[in-house]
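Asker: FYI, in this note's numbering the residues of the sequence shown are 274 to 1260. Dropping the structure in here first, questions after.
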Amino acid sequence: MTKLCMKAWVSGMAVAMAASASAQPANLPPPGGETPVAFDVHEGTSLAVSASPDGKWLAMDLQGTLWIVPAKGGKAKRITDYFWDARQPVWAPDGSRLAYFAYRDGGYDLWIIRPDGSDAKKLTNGTYDDREPAFSPDGGTIAFSSDRSGSSYDIWTIDLASGALRQVTKGPLEDRMPTWSPDGARIAYSSQEGMTRASLFATTLADGKESPLKAVEGVRLDAPSFGPAGQLAYVASDPKGSRLEIDGAVVSGSENVFPFRLSWNGRGYYYVSDGKIRHRVGKNLSTVDFAATLEASRPSYARAKRDWDSAAPRKALGIVHPKISPDGSRIAFVALGDLYVVSSKGGAPENLTKDAALDADPAWSPDGKSIVWSSDRAGGLPELFIRDLATGKDRQLTDMDTQPLGAAWSPDGTKVAFLDIDGQWGVAGVCMVDVATGKVTRLQKSLGQPGSPSWSADGKYVVISLSHKYSASFREGTNQAYVIPIDGKTEPFWQIPEENMSLDTRSGSGPAWSPDGKWMAGIYEGLLKVWPVDKDGKPLGPPRALASDTAFFPSWTADSKTILFQSDDTLKTVNVETGAVTEAPLDLHYRLAKPTGRTIVHVGKLIDSVRDETQLNKDIVIDGNRITAIRDHDAGARDPSVTYVDAPGLTAIPGLIEYHAHIQKDFGSNLEKAWLAYGITTVRDPGTMVYDAVEDREASEAGVRISPRFYTASPLLEWQRVYYKMGVAVSGPAHLERELARAKALKYDIIKSYVRMTDFGQRRIVEAAHAMGVPVSGHEIFPAAYTGVDGTEHMGATSRRGYSPKQGPMGMAYDDVVQLFGRSGRTLTPTMFGALSGYLAKYPAYRNDPRLKLYPAWAQRSVTERSPFEGLIRPMMAGMMVSLKKMYDAGTQVVAGTDTMIATNLHAEIASYVDAGLTPFQALQTATVNPARALNLDAGTLESGKLADITLIEGDPRENIANTFKVKTVIANGRVFKEEELTGAAK
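Written as structure tokens, this is what we have:
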């Protein structure tokens, strides 16, 4: 979808917000009709400031909104509404206008506006991001950084009279944050390489000659700004801190300086440090105090509640990787933990595997006589297996240290291509295996979360989807076809059906090459589309839609006349020639598995997560899957009909809840066992591939695999660009509505609004999700806290701005962020990424914990070896801890999550909260009662009536929070598992 359509959507929104220039612009209300709470803030996080030429006024960009503040300090006046994500305003030399960049309609563009908030005009358009404007000394030109070259960020200029664009720099590095020399002859900028290296360069406009200005080994230099006498100011940062320097001299002392261009004015200059606006004249420093009014709301809606009691049949929704047979008569798929085959007309499917293994990603042989799929049925981690459908016999095809997924059979039936998962979140190489010999050949080394392979008709290529990035500054790109020759000699190449248009997701949007080699099929804008290609996959025409049904995961029949696809909670086929769509209704249901009978657990100590006390010598009575009593231990005669668990030397705590972990199929069922072995009885997955985690959730509910409870989210809803394989590049408002309809059909527990989703789009997600009764989460803090987004993931983490509005340098958050969290009462999942290193430094023996053997080798190394990012993260930990304690004290609902599958991290996470100043009991609550309340789950405390999720550990976590690591027995939904039973699957 183009920005033109988005602009129409935004314009419709803007009608409701029309206001006179003399008043602060009105805002769309929270979609739930809540009355926001207004409050003043006096500090800003990631705040930039600019002084007017006459020295009377300051413009600032507090939380993505533009404000005008008297230069002497005082009340800030808001001149834009909340939905601009407007950043880094700068004054025109004559003081008549401000320039800024804003994400108003789905991409960063340059805008100008009058200081009273009137006459906002867009200067740039298109699919590219334009950022960081700077007026020329004569006011006729604006320099800015942009990825419009398609491969990197460069410096560009726009002539304000004609609108003409000119590219100033071009090279392999990322050129950002331009500034003009006083005579207008040169533009200086920060030239960046990687996360930590940035030096200063300048280009002379007359001849285009680039020259270095300053570089310091081990120091990042950002935000250059020429002074009126030619002085060069910039922000220097390293692990010791972030500081302002002018001509090589530090002028900011011990202040924590924000990495934005300072604003020269008269004999002095303005900048921001420690969340405050600073003014320096010579050696004299003053602070410009301000008060800006923000608003937050606490969403109120009827929450959906998962049913953990009813035995009524439930429709299976998690249908994973359905593939139509070559002759079009049957469909193979995975659901409820097993491999199934069903008639292409629908009906009751046949279960081919019927075991406790994790099965995934089936594919038919060209003759339709066999199916290859991934499974951990042999023990350990997943491998490829082949089922002979005539005999029912299976044989193992691979035996690898890494895990094969996404298998695809070659047209001649002699080879199977697959993804070789060797990293987090689906990082994988591409391999093929000889079906007869089992010899594996690597076609591609590790790639950034590629999509599953599909073969060309002649067997010379496999095609995958891969992210085609715009620059190295930002990780997002568009999902495009990447063609890999199998000869081992020819280099892979891109084939892009439509520039700047993304396949929806790499987890199931194709491209799928037709068996006759003439077409590719893929999902764009939520719709099934095909486009003609030549033998090398070169597009010969644009993608065209075959049907109006929401679509996912296309597969072809051998005659290339029919495509099977998923549409919300159904399977459908479409005739490529006529467009006729036929549904294939599945009759597949399951029942909730829960134990029967009574269990009594005797523990020496008990912490219920309600009261900050350790109770002694208790019996926990469990009937079925719920706690029915907690009472003093009864040492009398035993009832033979009761199961007894004797643990007088152990402490009972509520089963732990991991609030942020993304499930990966390559870990196999070992992942689920590992969570339980570490005492984790519930896992919230806040973003996943469309159907995969629904299948995990249902397999767990059905008791097919030993597993914690799963609460699963939608894919990460992005806007036009995307990074993760589990993300969807939403093309526009109509596509967003399709995604929301699918979310309702698949009964997701959470909707995830991700990094590039617009603020208007996020508001619509809140409206739709709350109507479903489910919460919304994302990385954002504002206007998310105003529109009713329920929770925020991460203290910092990825932001479309390139810096976090929640966190400044050295991990610090300030008054605006603290109050937005506290006033909204929202959940915060801190994900203290540096916590594990400190935890293992205190407890080095934990690196050799036997439970780690349940994980793939690469995942084990994340614990047994030092993290390569430790040096980057460690300097931020102190600031993150200070900020976390402030947020907690302000009323933030802190919920423990790690953004990793490796369960050691959850114990390190909650231990870091104690380091931050929480008591051990408060830290325990972040992984028990707090997340249970956020999930609307009857767990998280040990009380009568609650679900029987209980972890038995050695030691008392109120005395030492690290005792949570010492798990001996776990009870999940009333089922008892000894730690050694769970780790026995390690291989």
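We put the beta carbon where it would ideally sit given N, CA and C, even for glycine.
Quick check: the Cα distance between P1117 and V1028, rounded to an integer number of angstroms?
Answerer: Approximately 36 angstroms between the Cα atoms of the pair.
Asker: Among the candidates G467, Q465, D448 and M468, whose CA atom is the shortest distance from the CA of T476?
Answerer: It is D448.
Asker: Thinking C-beta only, is A636 closer than 8 angstroms to I644?
Answerer: Contact flag set, yes.
Asker: Kindly provide the ranges of any beta strand (DSSP E) runs that are 3 or more residues long and lie completely inside the stretch 292-348, ordered along the chain.
Answerer: You should have 310-314, 322-324, 330-333 and 340-343.
Asker: Under 8 angstroms, with one C-beta from each stretch per pair, do the stretch 970-980 and the stretch 752-768 reach the 3-pair mark?
Answerer: Contact between the stretch 970-980 and the stretch 752-768 is absent, because fewer than three Cβ pairs lie under 8 angstroms.
Asker: Sort A365, P815 and T687 by Cα distance to D411 and report the nearest one.
Answerer: Closest by alpha carbon: A365.
Asker: How many angstroms separate the CA atom of T318 from the CA atom of H933?
Answerer: Cα-Cα distance, rounded: 24 angstroms.
Asker: According to the Cβ coordinates, are A1176 and W829 closer than 8 angstroms?
Answerer: For A1176 and W829, no; Cβs fall outside 8 angstroms.
Asker: Rounded to whole angstroms, what's the CA-CA distance from R516 to T1199? Just pull it up for me.
Answerer: So the alpha carbons of these two residues sit roughly 35 angstroms apart.
Asker: Does the separation of the CB atoms of Q676 and G699 fall below 8 angstroms?
Answerer: Going by C-beta atoms, Q676 is not nearer than 8 angstroms to G699.
Asker: R459 by DSSP, collapsed to three states: which one?
Answerer: Three-state DSSP puts R459 in a strand.
Asker: Rounded to whole angstroms, what is the Cα-Cα separation between K946 and I759?
Answerer: Taking the straight line joining both Cα atoms gives about 37 angstroms.
Asker: Can you give the Cα-Cα distance for F1284 and N898, rounded to whole angstroms?
Answerer: In the structure displayed, the chain extends from 274 to 1260; residue 1284 sits before or after that span and is not available.
Asker: Compute every distance between the C-beta of V1001 and the non-hydrogen atoms of the ligand SAH, then say whether any falls below 7 angstroms.
Answerer: As far as ligands go, the structure on display features none, and thus does not contain the ligand SAH.
Asker: Suppose you measure from the CA of A496 to the CA of W453; what does that come to, to the nearest Å?
Answerer: Answer to the nearest angstrom: the Cα atoms are 12 angstroms apart.
Asker: Grab the span of the beta strand (DSSP E) containing P1082 for me, first residue to last.
Answerer: Taken as a continuous stretch (DSSP letters only), P1082 belongs to no beta strand (DSSP E), as it is neither H nor E.
Asker: Indicate whether the contact test is met: 3 or more Cβ pairs, each with one atom in the stretch 1120-1132 and one in the stretch 585-604, closer than 8 angstroms.
Answerer: Judged by Cβ distances under 8 angstroms, the stretch 1120-1132 makes no contact with the stretch 585-604, as fewer than three pairs qualify.
Asker: Let's see if you can read the secondary structure: which residues bound the alpha helix (DSSP H) around N1203?
Answerer: Where N1203 is concerned, the enclosing alpha helix (DSSP H) stretches over V1202 to L1208.
Asker: With a threshold of 16 other CB atoms inside 10 Å of the CB of T851, please say whether the residue is buried or exposed.
Answerer: Exposed.
Asker: Tell me whether the beta-carbon of D1229 lies closer than 8 angstroms to the beta-carbon of T954.
Answerer: No, the Cβ-Cβ distance between D1229 and T954 is not below 8 angstroms.
Asker: Is the beta carbon of E991 sitting closer than 8 angstroms to the one on V1001?
Answerer: Yes, these two residues count as a Cβ contact at 8 angstroms.
Asker: Pairs of beta-carbons, one from the stretch 817-829 and one from the stretch 839-846, closer than 8 angstroms: are there three or more?
Answerer: The stretch 817-829 vs the stretch 839-846: in contact.
Asker: For D1088, report the span of its alpha helix (DSSP H) as first-last.
Answerer: Here the alpha helix (DSSP H) through D1088 covers D1088 to S1097.
Asker: Would you list, in sequence order, the uninterrupted alpha helix (DSSP H) runs of no fewer than 4 residues that lie entirely inside the stretch 607-633?
Answerer: Entirely contained in the stretch 607-633, not one alpha helix (DSSP H) run reaches 4 residues.
Asker: Got a sec, what are the start and stop residues for the alpha helix (DSSP H) G1152 sits in?
Answerer: It spans E1143 to A1163 - the alpha helix (DSSP H) in which G1152 sits, taken as one unbroken run.
Asker: Are the CB atoms of R994 and E749 nearer to each other than 8 angstroms?
Answerer: Cβ atoms of R994 and E749: closer than 8 angstroms.
Asker: For A1108, which residues from the same chain have a beta carbon less than 6 angstroms from its beta carbon, with the 5 sequence-adjacent residues on both sides left out?
Answerer: Within the same chain, A1108 has close Cβ partners A1181, E1182 and S1185.
Asker: Is it true that the stretch 647-654 meets the stretch 622-632, where meeting means three or more beta-carbon pairs spaced less than 8 angstroms apart?
Answerer: Because the criterion of three Cβ pairs below 8 angstroms is met, the stretch 647-654 and the stretch 622-632 touch.
Asker: Ordered along the chain, which non-local residues of its own chain (more than five positions away) have a Cβ less than 8 angstroms from that of K1241?
Answerer: The answer, listed in chain order, is A920, L923, L1225, I1226, E1227, K1251 and E1252.
Asker: Is P1123 helix, strand or coil when you go by DSSP?
Answerer: It is helical.
Asker: Which residue or residues does DSSP assign as beta-bridge partners of A690?
Answerer: Bridge partners of A690: A681 and M705.
Asker: Mind checking who S598 pairs with in its DSSP beta bridge?
Answerer: According to DSSP, S598 bridges with nothing at all.
Asker: Measure the C-alpha to C-alpha separation of A1245 and V735 and round it to an integer number of angstroms.
Answerer: C-alpha separation (whole angstroms): 43 angstroms.
Asker: With burial defined as no fewer than 16 other Cβ atoms inside 10 Å of the residue's Cβ, what is the status of N890: buried or exposed?
Answerer: Per the 10 Å Cβ criterion, exposed.
Asker: Taking the DSSP output, what are the residues bridged to E886?
Answerer: Paired residue(s): none; E886 is not in a bridge.
Asker: Apart from the five residues on each side of it in sequence, which residues of its chain come closer than 7 angstroms, Cβ to Cβ, to A294?
Answerer: Unreliable placement is indicated for A294, whose pLDDT of 41 sits below 50; no coordinate value is reported for it.
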